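In what follows, a structure is listed as structure tokens, so that the remarks can point back to it.
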Amino acid sequence: MTAEDLLREARADLDRLTPHQLAALRGRGSVLVVDIRPRDTRAAEGELPGAVPVERNVLEWRLDPTGEHRLPGVTADSRVVVLCDEGYASSLAARDLRRLGLPLATDLVGGFRAWKAAGLPVVPGGGPPVP
């Protein structure tokens with residue numbers, strides 16, 4: 001198995017969102033956007049307004065719907081959209097969140113860079129991630 005095989009497998013079960021689909025969901029307030037990019041990258045490129053920065057190494061602990069270390073309000077019914085730079089690592093992360101008990105977890109096609117290229121809002125980034 002190759003990394004491409006893992007990616008293809010992960011994406012087979014995801015209902016991935018385009019930047020404009022995510023913008024529409026955000027407008028209805030029905031989604032938690034989780035940015036797994038490193039702090040330095042977020043500082044250099046910016047962030048989606050309101051996205052929660054959670055570094056990849058603690059993602060499962062912060063989004064486990066039954067875990068004691070989860071973010072406030074995260075339940076098995078939460079709609080979570082993970083984003084990275086270009087939509088590769090986020091697909092693998094979203095797959096893992098589904099396995100963890102978040103059946104509505106998915107990711108952003110093209111990642112942050114696609115969001116920015118679509119002309120959607122970006123704010124300065126680099127704040128600390130959720131501990």
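Sequential numbering of the sequence shown, starting at 1, is according to UniProt numbering. Each residue gets a CB set at the ideal place from its N, CA and C atoms; glycine is no exception. Keep in mind that this is a model prediction, so the values were computed, not measured.
Just mark L72 as buried or exposed, buried being the case when its beta carbon has 16 or more other beta carbons within 10 Å. On the sequence shown, residue 72 is found 72 positions in, with the first residue counted as 1. Checking the sequence shown, residue 72 turns out to be Pro, not Leu. With fewer than 16 Cβ atoms within 10 Å of its Cβ, P72 is classed as exposed.
Cα-Cα separation between P49 and A105, rounded to whole angstroms: Translated into the one-based positions of the sequence shown, residue 49 becomes position 49. Translated into the one-based positions of the sequence shown, residue 105 becomes position 105. Cα to Cα, P49 sits roughly 19 Å from A105.
Are the CB atoms of V82 and V130 nearer to each other than 9 Å? Within the sequence shown, residue 82 is the residue found at index 82, counting from 1. Within the sequence shown, residue 130 is the residue found at index 130, counting from 1. Contact flag unset, no.
Indicate whether D13 and R79 have their beta-carbon atoms separated by less than 9 Å. The residue given as residue 13 occupies position 13 in the sequence shown. The residue given as residue 79 occupies position 79 in the sequence shown. The answer is no: Cβ separation not under 9 Å.
Suppose contacts are defined by Cβ-Cβ distances below 9 Å. Is L108 in contact with L17 by that definition? Along the sequence shown, one-based indexing puts residue 108 at 108. Along the sequence shown, one-based indexing puts residue 17 at 17. Yes.
Which term fits G110, buried or exposed, when burial requires 16 or more other beta carbons within 10 angstroms of its beta carbon? Within the sequence shown, the letter at position 110 stands for residue 110. So G110 counts as buried.
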